[in-house]
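S.K.: Structure below; questions to follow.
There are 4 protein chains.
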Amino acid sequence: MHRDRFYTLTASCPDQVGIIARVTGFIAEHKGWILESSFHADEASETQGVRYFMRIEVKAESLPFELDEFRSRFQPLAEELQLDWRINDSAVKKRVVVLVSKQEHCLYDLLARWQSKELDIEIAGVISNHDDFRGFVEWHGIPFHHVPVPAEHKAAAYAEVKRLFEHVRGDTMVLARYMQILSPELCAEYPGRILNIHHSFLPSFVGAKPYHQAYTRGVKLIGATCHYVTEELDQGPIIEQDVIRIDHSDSVEDMVRYGKDIEKTVLARGLRYHLEDRVLVHGNKTVVFR
Amino acid sequence: MHRDRFYTLTASCPDQVGIIARVTGFIAEHKGWILESSFHADEASETQGVRYFMRIEVKAESLPFELDEFRSRFQPLAEELQLDWRINDSAVKKRVVVLVSKQEHCLYDLLARWQSKELDIEIAGVISNHDDFRGFVEWHGIPFHHVPVPAEHKAAAYAEVKRLFEHVRGDTMVLARYMQILSPELCAEYPGRILNIHHSFLPSFVGAKPYHQAYTRGVKLIGATCHYVTEELDQGPIIEQDVIRIDHSDSVEDMVRYGKDIEKTVLARGLRYHLEDRVLVHGNKTVVFR
Amino acid sequence: MHRDRFYTLTASCPDQVGIIARVTGFIAEHKGWILESSFHADEASETQGVRYFMRIEVKAESLPFELDEFRSRFQPLAEELQLDWRINDSAVKKRVVVLVSKQEHCLYDLLARWQSKELDIEIAGVISNHDDFRGFVEWHGIPFHHVPVPAEHKAAAYAEVKRLFEHVRGDTMVLARYMQILSPELCAEYPGRILNIHHSFLPSFVGAKPYHQAYTRGVKLIGATCHYVTEELDQGPIIEQDVIRIDHSDSVEDMVRYGKDIEKTVLARGLRYHLEDRVLVHGNKTVVFR
Amino acid sequence: MHRDRFYTLTASCPDQVGIIARVTGFIAEHKGWILESSFHADEASETQGVRYFMRIEVKAESLPFELDEFRSRFQPLAEELQLDWRINDSAVKKRVVVLVSKQEHCLYDLLARWQSKELDIEIAGVISNHDDFRGFVEWHGIPFHHVPVPAEHKAAAYAEVKRLFEHVRGDTMVLARYMQILSPELCAEYPGRILNIHHSFLPSFVGAKPYHQAYTRGVKLIGATCHYVTEELDQGPIIEQDVIRIDHSDSVEDMVRYGKDIEKTVLARGLRYHLEDRVLVHGNKTVVFR
Chain V
9 MHRDRFYTLT ASCPDQVGII ARVTGFIAEH KGWILESSFH ADEASETQGV
59 RYFMRIEVKA ESLPFELDEF RSRFQPLAEE LQLDWRINDS AVKKRVVVLV
109 SKQEHCLYDL LARWQSKELD IEIAGVISNH DDFRGFVEWH GIPFHHVPVP
159 AEHKAAAYAE VKRLFEHVRG DTMVLARYMQ ILSPELCAEY PGRILNIHHS
209 FLPSFVGAKP YHQAYTRGVK LIGATCHYVT EELDQGPIIE QDVIRIDHSD
259 SVEDMVRYGK DIEKTVLARG LRYHLEDRVL VHGNKTVVFR
Chain Y
9 MHRDRFYTLT ASCPDQVGII ARVTGFIAEH KGWILESSFH ADEASETQGV
59 RYFMRIEVKA ESLPFELDEF RSRFQPLAEE LQLDWRINDS AVKKRVVVLV
109 SKQEHCLYDL LARWQSKELD IEIAGVISNH DDFRGFVEWH GIPFHHVPVP
159 AEHKAAAYAE VKRLFEHVRG DTMVLARYMQ ILSPELCAEY PGRILNIHHS
209 FLPSFVGAKP YHQAYTRGVK LIGATCHYVT EELDQGPIIE QDVIRIDHSD
259 SVEDMVRYGK DIEKTVLARG LRYHLEDRVL VHGNKTVVFR
Chain C
9 MHRDRFYTLT ASCPDQVGII ARVTGFIAEH KGWILESSFH ADEASETQGV
59 RYFMRIEVKA ESLPFELDEF RSRFQPLAEE LQLDWRINDS AVKKRVVVLV
109 SKQEHCLYDL LARWQSKELD IEIAGVISNH DDFRGFVEWH GIPFHHVPVP
159 AEHKAAAYAE VKRLFEHVRG DTMVLARYMQ ILSPELCAEY PGRILNIHHS
209 FLPSFVGAKP YHQAYTRGVK LIGATCHYVT EELDQGPIIE QDVIRIDHSD
259 SVEDMVRYGK DIEKTVLARG LRYHLEDRVL VHGNKTVVFR
Chain G
9 MHRDRFYTLT ASCPDQVGII ARVTGFIAEH KGWILESSFH ADEASETQGV
59 RYFMRIEVKA ESLPFELDEF RSRFQPLAEE LQLDWRINDS AVKKRVVVLV
109 SKQEHCLYDL LARWQSKELD IEIAGVISNH DDFRGFVEWH GIPFHHVPVP
159 AEHKAAAYAE VKRLFEHVRG DTMVLARYMQ ILSPELCAEY PGRILNIHHS
209 FLPSFVGAKP YHQAYTRGVK LIGATCHYVT EELDQGPIIE QDVIRIDHSD
259 SVEDMVRYGK DIEKTVLARG LRYHLEDRVL VHGNKTVVFR
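Protein chains in written order, with the numbering used here: chain V, 9 to 298; chain Y, 9 to 298; chain C, 9 to 298; chain G, 9 to 298.
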């Protein structure tokens with residue numbers, strides 16, 4: 009956490025000699041003060057050579073120009089290195105839309121973090137297929153949208169979700185135990201921008217009722233997984249996971265209760281990494297620079 | 009979690025042959041259906057022989073009489089075994105008073121658990137030395153009391169806390185990051201009934217600013233401790249603890265943020281154990297029948 | 009850990025009123041001193057009513073008779089309650105046969121625990137499909153058997169494993185990263201007596217090369233599972249599991265290395281529970297009275 | 009883990025603009041291929057400005073010269089940046105001397121890791137104040153030295169430990185549950201080169217019998233700490249820590265048993281970080297680039 013305004017540059021490119029030197033050289037040349045920097049060379053796969061990932065925080069006031077000029081000046085080097093890159097300004101708050109259903113644990117948790125500015129974001133709206141949390145959400149001064157998802161009109165419902173998300177210029181959509189499966193179109197529309205919390209330690213217990221599945225299998229730990237949503241259910245790139253110990257005396261209800269604690273923590277951690285531009289997607293995996 | 013109403017008998021006594029047989033024999037004699045039972049023989053110390061602890065849940069409807077009659081019928085056996093005992097009815101909700109200061113994470117967390125009935129209690133009131141959370145608490149339909157604690161009038165403030173607690177017939181007082189040190193008189197008044205969450209892994213970092221202490225010492229994990237409040241600061245019987253990993257890149261502010269996640273989880277777990285009569289105090293230690 | 013000799017009674021039966029009272033009553037009647045006791049009522053399933061599980065440690069010298077007489081005197085009550093039961097004597101060391109392949113971490117770990125008497129067992133022999141560890145094992149005074157498992161003569165190899173196990177009157181077989189799939193016949197021969205350590209957090213990553221599978225999926229934690237071997241690969245009742253955090257910078261080789269630490273710890277814990285009669289199998293799940 | 013030979017450069021210096029660019033620029037200029045790199049800016053303290061830390065792995069064969077020439081060519085830049093630096097060659101195995109007493113768990117664990125080349129080091133000798141492990145150590149082809157430490161001749165004993173360490177040109181001394189307090193002279197002689205495993209979660213339970221202290225305080229987790237030895241007992245810079253859950257039913261003996269599993273894992277992790285030049289000492293704290 010830095011009090012001063014800073015820019016976060018994230019990038020990936022084919023590996024070669026001198027990448028760090030070139031990129032940090034550009035920053036140093038303009039007297040840019042690097043606050044934090046992380047680099048990672050992924051292993052070569054059968055179809056691809058080594059790929060290089062980086063994340064660099066530069067103190068905004070140390071640079072003699074604003075982001076727009078950074079972008080245009082940096083572009084030639086980025087092209088030369090074949091960088092897939094972006095740069096964000098810590099002063100521009102990310103706009104998050106939260107989707108919930110009838111369980112409150114993740115919603116309360118996110119709003120507490122937002123309230124205390126631990127999550128320094130705009131919550132541009134809460135969308136739910138039920139009206140239960142209207143009062144709670146509106147009390148916080150956040151717009152609440154009740155968008156039912158009837159089995160026979162799912163397409164229209166998701167079109168409305170999309171419309172609302174676009175209307176508020178949302179950056180990130182968070183499925184905070186939304187309990188609905190988004191349409192493939194919606195998933196495809198926002199790659200790397202929709203986060204879900206799945207209530208199992210993936211890839212175990214994909215799909216419905218994972219705690220029941222875990223109970224039946226007799227596992228000794230249960231978990232939760234925060235991942236990017238893709239068209240394939242529960243198969244997207246994993247951002248964060250955690251587990252908690254249970255034993256034979258725990259019923260499915262106990263597991264649900266324990267699980268909630270893991271779900272909200274894992275979602276909050278994954279979301280934070282995402283919002284701070286710490287997550288770089290690589291195929292179906294993630295590089296997370298904590 | 010049992011859906012049916014049940015009684016919870018907790019007891020401790022000097023160890024001898026036949027305790028379980030005698031106590032469960034009494035229950036069986038009246039056709040009492042035991043849902044859950046735990047027993048523990050503590051080690052002898054220099055000053056005391058082996059002490060025996062137990063906790064038994066009996067399905068209420070399986071017994072032919074109510075709690076009052078249970079109590080009077082059980083009394084002779086309890087005397088014979090020198091039992092220190094109590095029995096509670098799951099249908100009678102515990103009355104909890106929550107004390108907070110200016111941090112919201114534990115408060116939001118407790119209210120979410122109360123809202124979803126995960127914690128099946130009455131929150132008889134929230135007391136704070138600041139007025140910040142009045143709106144949030146009252147929105148939930150819970151009485152909020154602003155009791156400032158000025159340095160020069162602490163005694164009066166704690167007298168008011170006590171008055172409010174007595175007025176609502178509180179069973180348990182929860183210091184949910186209250187940040188004030190209760191008076192010794194108040195601590196002594198309610199032994200085993202006031203729970204605190206301390207933001208360190210006790211006995212490390214007693215007192216003020218434990219995260220700063222942890223940062224200075226360079227530990228690789230930070231923790232939180234839920235304990236009963238006694239007259240000696242941060243020295244009471246420990247109910248629950250947990251830790252989370254940090255590293256050299258984490259500032260004190262990062263540690264505070266990580267710590268909050270542990271604090272609220274540890275407090276919620278400790279409080280649950282307490283409310284479900286799973287905690288038996290033994291000297292300055294606890295037996296926790298999870 | 010008790011220094012004095014004790015008997016461990018484990019049992020399960022259909023639930024009914026008075027089981028604890030009857031069983032502990034029998035023990036109390038003969039002045040049996042209960043050191044430790046655990047009880048658990050499993051939930052009813054579609055095909056079965058509630059089943060009751062128990063484990064009781066009785067100080068040997070407190071009883072006026074030996075185990076044989078205990079067994080014959082207890083039999084009528086056991087029949088009445090339809091108990092599936094056994095009782096073991098802490099003075100009789102369990103006889104364990106360890107099967108290994110070419111990785112040493114579990115073998116060193118088990119021998120260190122045996123050497124220090126942390127595991128108070130007889131290691132009746134080590135069997136391996138390679139000859140690598142002969143010197144190390146024999147230096148400890150433990151018989152070593154090299155039983156190659158060529159693809160074309162697996163049946164003969166497993167027959168030899170069985171012969172050796174029977175010859176030394178083995179109680180428990182431990183697959184300490186044996187890397188071979190036992191024949192269904194061998195698995196069926198010793199239900200609840202063969203323990204395996206699988207190098208994944210089951211049910212994720214069943215079968216071969218689980219760390220490669222985990223790497224490909226991009227999970228953020230890897231784990232290990234100690235389970236009873238059944239005819240179906242990696243599907244037996246789970247005794248113990250644990251996980252460890254990894255991240256994007258960890259290669260498959262790193263995961264193998266981290267994994268070893270979890271594997272040996274989880275195997276040792278699972279084996280200890282088994283040897284101390286803390287594990288009761290219930291269908292494809294376990295009750296573990298820790 | 010890299011199969012190819014590489015050099016590891018570690019350095020710290022006062023922070024200023026352009027450090028990364030200058031250092032990686034030097035490497036890039038000579039076509040050095042960076043395999044892994046980590047950077048960290050520590051916070052300013054009252055007495056010191058921001059200090060910068062780095063660790064860079066360069067593929068050996070990518071450079072056109074050997075280490076000696078690297079050193080002389082890099083020196084001018086190092087001086088300019090006021091670097092406190094060193095560079096090591098992965099082909100040169102570190103020489104480790106292990107000190108043990110009568111507990112085998114850490115010794116077996118380290119030898120298993122050495123045997124499997126997980127720890128790619130020379131174990132230049134094992135020194136013990138007891139003769140118990142001579143056979144085991146010598147069976148592995150490692151020299152064993154019995155150096156008794158009688159209360160009245162400690163100075164002579166530590167002089168002999170130092171002589172042996174110097175004689176084998178030891179790089180690192182590992183106190184693997186040595187149970188003796190080294191003399192202040194010996195500690196001062198090898199700053200940042202002697203690792204100890206303390207059997208508590210420091211700063212809790214400094215000094216003797218930490219498990220007894222933990223039992224008395226009634227903590228719910230116990231831990232272990234790997235740290236550099238300094239003249240002040242158990243106060244040196246912490247490298248690694250971990251904890252394990254216990255409960256009221258665990259005796260001191262149980263805690264000792266659980267603790268061993270944590271001790272050996274934490275020691276092995278800390279030692280690995282140290283041997284891979286991942287630990288940079290900063291005052292009484294460490295930067296650990298994992």
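Cβ coordinates follow ideal geometry from the N, Cα and C atoms, glycine included.
How is the beta strand (DSSP E) around C/V25 delimited, first residue to last?
M.R.: Locating residue 25 of chain C in the third sequence gives position 17, where the first residue counts as 1. Run containing C/V25: none; DSSP gives neither H nor E here.
S.K.: Under the DSSP definition of a beta bridge, which residues are partnered with V/K272?
M.R.: In the first sequence, counting from the first residue as 1, residue 272 of chain V sits at position 264. V/K272 pairs with nothing; no bridge assigned.
S.K.: List the residues of chain Y whose Cβ lies closer than 7 angstroms to the Cβ of G/E51, in chain order.
M.R.: Locating residue 51 of chain G in the fourth sequence gives position 43, counting from the first residue. Chain Y residues near G/E51: S259.
S.K.: Does Y/G244 pass the burial test, meaning 16 or more other C-beta atoms within 10 Å, or should it be called exposed?
M.R.: Sequence index remark: in the second sequence, residue 244 of chain Y carries index 236 (1-based). It is buried - the Cβ of Y/G244 has at least 16 other Cβ atoms within 10 Å.
S.K.: Which ranges does the beta strand (DSSP E) cover as unbroken runs of at least 3 residues, wholly within the segment 155-220 of chain G, from first to last along the chain?
M.R.: 180-183 and 202-206
S.K.: In this structure, does DSSP put Y/M9 in helix, strand or coil?
M.R.: Position 1 of the second sequence holds residue 9 of chain Y. In this prediction, Y/M9 has a pLDDT of 47, which is less than 50 and means its spatial position is unreliable; nothing more can be read from the coordinates.
S.K.: Let me see if you follow: with CB-CB separation under 9 angstroms, is V/A120 close to chain Y or not?
M.R.: Counting from 1 along the first sequence, the entry for residue 120 of chain V is found at position 112. It does: the Cβ of V/A120 has a partner Cβ on chain Y nearer than 9 angstroms.
S.K.: Identify the contact partners of Y/E112 in chain V, using a Cβ-Cβ distance below 8 angstroms as the criterion.
M.R.: Position 104 of the second sequence, counted from the start, is the residue given in the question as residue 112 of chain Y. Near Y/E112 (Cβ distances below 8 angstroms), the residues of chain V are A120, Q123 and S124.
S.K.: Shorter than 9 angstroms from the beta carbon of G/D242 to some beta carbon of chain Y?
M.R.: Locating residue 242 of chain G in the fourth sequence gives position 234, counting from the first residue. With 9 angstroms as the cut-off, G/D242 does not count as an interface residue toward chain Y.
S.K.: Whole angstroms is fine: what's the gap from Y/M9's alpha carbon to V/S259's?
M.R.: Reading the second sequence from its first residue, position 1 is the one you call residue 9 of chain Y. Reading the first sequence from its first residue, position 251 is the one you call residue 259 of chain V. Summary for Y/M9: the model assigns pLDDT 47, below 50, so the residue's position carries little reliability; its value from the coordinates is reported in the next sentence. Rounded to the nearest angstrom, the two C-alpha atoms are 8 angstroms apart.
S.K.: Quick one: Cα of G/A167 to Cα of G/F173, how far?
M.R.: Start at 1 with the first residue of the fourth sequence, and residue 167 of chain G comes out as number 159. Start at 1 with the first residue of the fourth sequence, and residue 173 of chain G comes out as number 165. Across the structure, G/A167 and G/F173 are spaced so that their CA atoms are roughly 10 angstroms apart.
S.K.: V/N96 bridges to which residues according to DSSP?
M.R.: Your numbering for residue 96 of chain V matches position 88 in the first sequence. V/T16, per the DSSP bridge assignment.
S.K.: Where do the ends of the alpha helix (DSSP H) carrying G/P76 lie?
M.R.: On the fourth sequence, position 68 is the one that residue 76 of chain G refers to. A small fix is needed here, since residue 76 of chain G is Asp in this sequence, not Pro. Here the alpha helix (DSSP H) through G/D76 covers L75 to E88.
S.K.: For V/I95, which residues from the same chain have a beta carbon less than 6 angstroms from its beta carbon, with the 5 sequence-adjacent residues on both sides left out?
M.R.: The count along the first sequence starts at 1 and reaches residue 95 of chain V at position 87. Counting only Cβ-Cβ distances below 6 angstroms, and skipping sequence neighbours, we find Y15 and L17.
S.K.: Kindly indicate which three-state DSSP category C/Q56 falls into: helix, strand or coil?
M.R.: Taking the third sequence and counting its residues from 1, the one referred to as residue 56 of chain C is at position 48. Correct three-state label for C/Q56: coil.
S.K.: Sorted by chain position, which residues of the same chain lie with C-beta nearer than 8 angstroms to Y/S70's C-beta, five sequence neighbours on each side aside?
M.R.: One-based indexing of the second sequence puts residue 70 of chain Y at position 62. Setting aside the 5 residues that flank it on each side, Y/S70 is surrounded in the same chain by K39, G40 and W41, each with a C-beta closer than 8 angstroms to its C-beta; the list follows chain order.
S.K.: Nearest-angstrom Cα distance between V/V251 and G/F34?
M.R.: Locating residue 251 of chain V in the first sequence gives position 243, counting from the first residue. Locating residue 34 of chain G in the fourth sequence gives position 26, counting from the first residue. One C-alpha to the other measures close to 44 angstroms.
S.K.: Report the neighbours of V/E248 on chain C: residues whose CB is nearer than 9 angstroms to its CB, in chain order.
M.R.: Here residue 248 of chain V refers to the residue found at position 240 of the first sequence. Result: K228.
S.K.: Return the CA-CA distance between Y/E248 and G/S46, expressed in angstroms with no decimal places.
M.R.: Position 240 of the second sequence holds residue 248 of chain Y. Position 38 of the fourth sequence holds residue 46 of chain G. CA-to-CA, the gap between Y/E248 and G/S46 works out to about 37 angstroms.
S.K.: Going by DSSP, what residues sit across from V/H153 in a beta bridge?
M.R.: Your numbering for residue 153 of chain V matches position 145 in the first sequence. For V/H153, which the question treats as bridged, DSSP gives the partners V/I135.
S.K.: What residue from V/D50, V/A19 and V/G26 has the CA that sits closest to V/Q322's CA?
M.R.: Because chain V here runs from 9 to 298, residue 322 of chain V falls outside it and cannot be looked at.
S.K.: Look at Y/L127 and Y/A276 and say whether their C-beta atoms are less than 9 angstroms apart.
M.R.: For the purposes of this step, residue 127 of chain Y is taken as the residue at position 119 of the second sequence. For the purposes of this step, residue 276 of chain Y is taken as the residue at position 268 of the second sequence. In contact: Y/L127 and Y/A276 (Cβ atoms closer than 9 angstroms).
S.K.: By how many angstroms is the C-alpha of V/V289 removed from the C-alpha of V/K102?
M.R.: Residue mapping note: residue 102 of chain V aligns to position 94 of the first sequence, counting from 1. Residue mapping note: residue 289 of chain V aligns to position 281 of the first sequence, counting from 1. Near 19 angstroms, if we compare the C-alpha coordinates of V/V289 and V/K102.
S.K.: Under the three-state reduction of DSSP, which class applies to Y/R225: helix, strand or coil?
M.R.: Indexing the second sequence from 1 puts residue 225 of chain Y at position 217. Note: Y/R225 maps to helix in three-state DSSP.
S.K.: Mind checking if C/E44 is an interface residue toward chain Y, Cβ cutoff 9 angstroms exclusive?
M.R.: In the third sequence, the residue the question calls residue 44 of chain C occupies position 36. Yes - at least one Cβ of chain Y is within 9 angstroms of the one on C/E44.
S.K.: Please list, in chain order, the chain C residues whose beta carbon lies closer than 7 angstroms to that of G/D92.
M.R.: Taking the fourth sequence and counting its residues from 1, one reaches residue 92 of chain G at position 84. Chain C residues near G/D92: none, gap ~25 angstroms exceeds 7 angstroms.
S.K.: I want to see whether chain C comes within less than 9 angstroms of G/Y116, judged by CB atoms only; does it?
M.R.: Walking along the fourth sequence from the start, residue 116 of chain G turns up at place 108. For G/Y116, the answer is yes, since a Cβ of chain C falls inside 9 angstroms of its Cβ.
S.K.: Hey, out of G/V105, G/A216 and G/N204, whose CA is closest to G/T311's CA?
M.R.: Because residue 311 of chain G is not part of the residues shown, which for chain G are 9 to 298, the question remains open.
S.K.: I need the boundaries of the beta strand (DSSP E) containing C/V145, first residue and last residue.
M.R.: For the purposes of this step, residue 145 of chain C is identified with residue 137 of the third sequence, where counting begins at 1. From DSSP, C/V145 is part of no beta strand (DSSP E) but of the alpha helix (DSSP H) over R142 to W147.
S.K.: Could you list the residues in the segment 142-153 of chain G with a C-beta less than 8 angstroms from some C-beta on chain Y, going in chain order?
M.R.: none
S.K.: Do V/R63 and V/A88 count as a contact pair if the criterion is CB distance below 9 angstroms?
M.R.: For the purposes of this step, residue 88 of chain V is taken as residue 80 along the first sequence, with counting starting at 1. For the purposes of this step, residue 63 of chain V is taken as residue 55 along the first sequence, with counting starting at 1. Going by the sequence as given, residue 88 of chain V is Glu instead of Ala. Not closer than 9 angstroms, so no.
S.K.: Between which two residues does the beta strand (DSSP E) holding Y/A120 run?
M.R.: Start at 1 with the first residue of the second sequence, and residue 120 of chain Y comes out as number 112. If you look at Y/A120, you'll find it isn't in any beta strand (DSSP E); it sits in the alpha helix (DSSP H) that goes H113 to Q123.
S.K.: By how many angstroms is the C-alpha of Y/A222 removed from the C-alpha of Y/L183?
M.R.: Taking the second sequence and counting its residues from 1, one reaches residue 183 of chain Y at position 175. Taking the second sequence and counting its residues from 1, one reaches residue 222 of chain Y at position 214. Using only the alpha carbons, I get a separation of about 22 angstroms.
S.K.: Quick check on the DSSP output: the beta strand (DSSP E) that includes V/H290 runs from which residue to which?
M.R.: For the purposes of this step, residue 290 of chain V is taken as the residue at position 282 of the first sequence. Here the beta strand (DSSP E) through V/H290 covers V287 to H290.
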